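Positions 64 to 324 (our numbering) are the ones given, in order, by the sequence shown.
As structure tokens, the structure follows; a few thoughts come after it.
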Amino acid sequence: MANISSSLKPHILIIPGAWYPASNLDTFIESLEAAGYSAEAFSLPSFNTSGVSVQDDEDRVKVLLTSLIDNGKDVIILAHSYGGLVAAEVIANPGLDKRAREAQGSKGGVVGIVYLAAIIPAEDEGILQLVGGKWLEYIDDTKAETEGLLYTFNPTETFHHDCSAELASSVTETLMPHSELALKTASSAVGWKDKAYDGRRAYIRCLQDKALPIGIQDHLISRSEVEWVVKSLDSSHSPFLSMPGELTRVVEEIVEEFVKS
């Protein structure tokens with residue numbers, strides 16, 4: 064994006080999905096940085112910890128986001144998978160979006176939101192409700208009652224089947240169980256529908272996704288009844304692993320559209 068200098072490019076705050084540590088986003092972050100963006104990701108409190116709710120994850124993101132904005136940063140939130148549930152409530156505060164803050168003479172704010180093969184929750188809807196009250200077939204809940212944690216069956220095929228065998232194996236070794244409570248509880252608000260993000264909400268579809276199949280992704284976009292900037296990648300659920308450069312290119316296209324809106 065030659066028409067936007069590095070000093071004006073927004074900071075990318077990445078909210079990971081379930082089961083993934085933030086370290087799996089390192090290569091993608093390096094790609095974003097090479098394109099002139101600052102970016103960061105962090106492991107959610109619900110990662111490998113029982114009894115943690117989606118609200119606990121939301122509180123963690125709010126602290127990070129508020130700190131960035133208070134320091135005058137323009138921020139784009141990029142939410143992957145379960146991270147979409149977390150982001151929905153985080154951005155519900157109308158005082159965070161950049162256009163509202165500019166009108167008040169304040170610097171910094173949320174420029175826009177990008178959902179990457181992510182859950183777009185309805186109000187008061189958690190993931191378990193979204194999938195009809197029964198976990199998807201790749202979710203292993205056999206230890207949920209005793210440990211309060213959810214595991215996964217065949218994560219390599221489910222999450223990153225388009226990676227090289229070596230990369231897929233190393234990534235699978237880093238995956239950890241996720242708090243059952245976080246995937247059962249609902250987000251308390253759905254900020255993605257706010258008019259503040261008209262022209263500045265985007266969805267990146269992953270066409271070969273086996274964790275959140277493309278039919279579900281398209282259903283979530285359609286039922287939201289708001290306009291999204293929609294892009295597609297011919298990837299698994301985890302393009303930040305299999306095609307970080309292509310994902311960066313798509314993010315750049317989205318940022319350009321956000322800035323023009």
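Even glycine gets a Cβ: it sits at the ideal position worked out from N, Cα and C.
Predicted, not measured: the structure shown is a model, and the values here were computed from it.
| request: Taking only the alpha-carbon atoms, compute the straight-line gap between residue 178 and residue 272 and give it to the nearest angstrom. | output: 14 Å
| said: Could you tell me the alpha carbon to alpha carbon distance between residue 166 and residue 200, rounded to whole angstroms? | reply: 48 Å
| task | Kindly give me the distance between the Cβ atoms of residue 183 and residue 145, rounded to whole angstroms, as I take these residues to be in contact under 8 Å. | result | Between residue 145 and residue 183 the Cβ distance is about 12 Å, and since that is not below 8 Å, they are no contact.
| query | Since residue 312 is in the alpha helix (DSSP H), which residue starts that stretch and which ends it? | reply | 307-323
| field | Which of helix, strand or coil DSSP assigns to residue 351 | value | The displayed coordinates of the chain run from 64 to 324. Any statement about residue 351 would go beyond what the structure contains.
| query | So, is residue 48 buried or exposed, given that buried needs 16 or more other C-beta atoms within 10 angstroms? | reply | Look at the range of the chain in this structure, 64 to 324, and you will see that residue 48 is not part of it.
| query | So, using beta-carbon positions, are residue 324 and residue 278 closer together than 7 Å? | reply | no
| Cβ neighbours of residue 301 in the same chain (closer than 7 Å, five flanking residues each side left out) | 222, 223
| said: Taking 8 Å as the cut-off, does the segment 105-116 touch the segment 240-252 (at least 3 CB pairs, one atom from each stretch)? | reply: yes
| task | Starting from the Cα of residue 197, find the closest Cα among 246, 149, 237 and give me that residue. | result | 246
| request: Go through the segment 177-242 residue by residue and report every complete run of the alpha helix (DSSP H) that reaches 4 residues or more, in order. | output: 190-193, 207-210, 218-222, 228-237
| request: Might you give, ordered along the chain, the residues of its own chain that have their beta carbon closer than 8 Å to the beta carbon of residue 203, omitting 5 neighbours on each side? | output: 213, 214, 215, 216
| Those residues which DSSP pairs with residue 102 across a bridge | 75
| task | Whole angstroms is fine: what's the gap from residue 266's alpha carbon to residue 287's? | result | 12 Å
| message | Between 253, 95, 102, 260, which has its C-alpha nearest residue 189's C-alpha? | response | 253
| Distance, residue 208 Cα to residue 137 Cα | 42 Å
| query | According to the neighbour-count rule (16 or more other Cβ atoms, all chains shown, within 10 Å of its Cβ), is residue 270 buried or exposed? | reply | exposed
| field | Nearest-angstrom Cα separation, counted from residue 75 out to residue 81 | value | 19 Å
| field | Helix, strand or coil at residue 265 according to DSSP, with G and I counted as helix | value | strand
| task | Would you mind sorting residue 65 into buried or exposed? The rule is 16 or more other CB atoms within 10 Å of its CB. | result | With a pLDDT of only 44 at residue 65, under the threshold of 50, the placement of this residue in the model should not be trusted; the figure read from the coordinates follows. The residue in question, residue 65, is exposed, as its Cβ has fewer than 16 Cβ neighbours within 10 Å.
| query | Is DSSP giving residue 64 helix, strand or coil here? | reply | Low confidence applies to residue 64: its pLDDT is 41, below 50, so where it sits in the model is not reliable, and the reading given next is rough at best. In this structure, residue 64 counts as coil in the three-state DSSP scheme.
| Smallest Cα separation from residue 147: which of 193, 308, 93? | 193
| field | Identity of the residue in 143, 108, 133 nearest residue 280 by Cα | value | 143
| said: So for residue 299, helix, strand or coil by DSSP? | reply: coil
| request: Sort 313, 274, 101, 236 by Cα distance to residue 330 and report the nearest one. | output: No statement about residue 330 is possible, as the shown extent of the chain runs from 64 to 324 and does not include it.
| field | Residue nearest to residue 260 in terms of C-alpha spacing, selected from 176, 320, 317 | value | 176
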